[in-house]
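In what follows, a structure is listed as C-alpha cells, so that the remarks can point back to it.
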Amino acid sequence: MIIIEKLLGKVEDFTLENLRIDKVMLDRHDMAKSHQKLKTESGEVIAVSLEHGDHMFCGAILHKDDERIVVVDLVPEDALEIFPKGNLQWAKTAFNIGNMHHPAYLHEDHIIIPYDPIVESLMKGIGVEYVRCQKKLTGEKAGIVVGGHGHSHSHSHDHSHGSHYHHHHD
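In this text, residue positions in the sequence shown follow the numbering used here: the first is 86, and each later residue adds one.
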C-alpha cells in the first residue's frame with residue numbers, strides 16, 4: 086500500500102504523456118479529510134496522511150511513477166447552480182447563502198452550492214435564476230481569506246430581564 090504524506094502538485098503542472106491516469110473520486114466531505122484510506126479507480130488502496138493544514142483538491146496529484154499518475158477528482162453532487170444578474174441580485178444571493186453558513190463555490194457568472202431546499206426557496210424569493218443539477222463543487226471557495234488567516238468574532242446580548250446570552254461564530 087502506498088502512503089501519501091505530501092501532495093505532489095496540480096495535474097495541470099505535469100506532462101502526462103505516456104502516463105495512465107488513475108483517479109480517486111471524492112466528495113466535498115472526503116476532500117477535507119487529511120487522514121483516510123482511498124481506493125483508486127484501478128482498485129489500489131492508498132493511505133493518505135497529510136500534514137496539519139494540508140488538504141486535497143480537485144486535480145491534486147497523490148502519486149506519480151513511470152507508468153501512472155494518481156489524481157484526485159470530485160464526484161458530482163446534488164447542487165444548485167445560481168446565476169445572479171446585476172449587483173443587487175449578487176449581493177442578495179451572497180448574503181442569503183452566507184447567512185445560511187453554506188459552502189459556496191464562486192465563478193465569474195455563477196455560484197455553485199450543495200443543494201438545499203431552503204436556499205432554493207430563498208433564490209425563488211429573490212427572483213434569481215438557478216438550476217438544480219448534478220455538479221462538481223468546484224470554483225473559488227467563498228470565505229477563504231488570502232494569506233490563510235481565518236477570523237472569529239463574538240456577539241453578546243444583554244436582555245432587560247438580567248440574563249446574559251452569548252454565542253460565538255468561528
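Cβ coordinates follow ideal geometry from the N, Cα and C atoms, glycine included.
These numbers come from a predicted model, not from an experiment.
Item, Value
"Taking buried to mean at least 16 other C-beta atoms within 10 Å of its own C-beta, is Val216 buried or exposed?", "exposed"
"Does Ala189 come out as helix, strand or coil in the three-state DSSP assignment?", "coil"
"Going by the beta-carbon positions, is the gap between Ile197 and Gly224 smaller than 9 Å?", "yes"
"Considering only C-alpha positions, which residue in the set Val213, Cys218 and Ile182 is nearest to Ala227?", "Ile182"
"Considering only residues of the same chain and omitting the five flanking positions on each side of Asp169, which have a CB-CB separation below 6 Å?", "Correcting the residue type first, residue 169 is Pro in the shown sequence and not Asp. Excluding positions up to five away in sequence, the list reads Trp175, Thr178 and Val213."
"What did DSSP end up calling Ser119 once you bin it into helix, strand or coil?", "coil"
"Would a C-beta distance cut-off of 9 Å place Val160 and Lys95 closer than the cut-off?", "no"
"Rounded to the nearest angstrom, what separates Leu111 and His120 at their Cα positions?", "13 Å"
"Is the number of C-beta pairs between the region 121 to 139 and the region 182 to 191 that are closer than 8 Å three or more?", "no"
"Could you tell me the distance, in whole angstroms, from the CA atom of Val156 to the CA atom of His148?", "8 Å"
"Closer than 8 Å by C-beta to Pro219: which residues in its own chain qualify, once you throw out the five before and the five after it? Chain order, please.", "Checking the sequence shown, residue 219 turns out to be Gln, not Pro. If we look at Gln219 and ignore the five residues flanking it on each side, its Cβ neighbours are Pro161, Glu162, Asp163 and Ala164."
"What do you reckon, are the CB atoms on Met208 and Ile167 nearer than 9 Å?", "yes"
"Measure the beta-carbon distance from Ile146 to Phe99 and round it to whole angstroms, keeping in mind my assumption that it falls under 8 Å.", "7 Å"
"Since Lys149 sits in a beta bridge, which residues does DSSP pair it with?", "Ile154"
"Please classify Leu101 as buried or exposed, where buried requires at least 16 other C-beta atoms within 10 Å of its C-beta.", "exposed"
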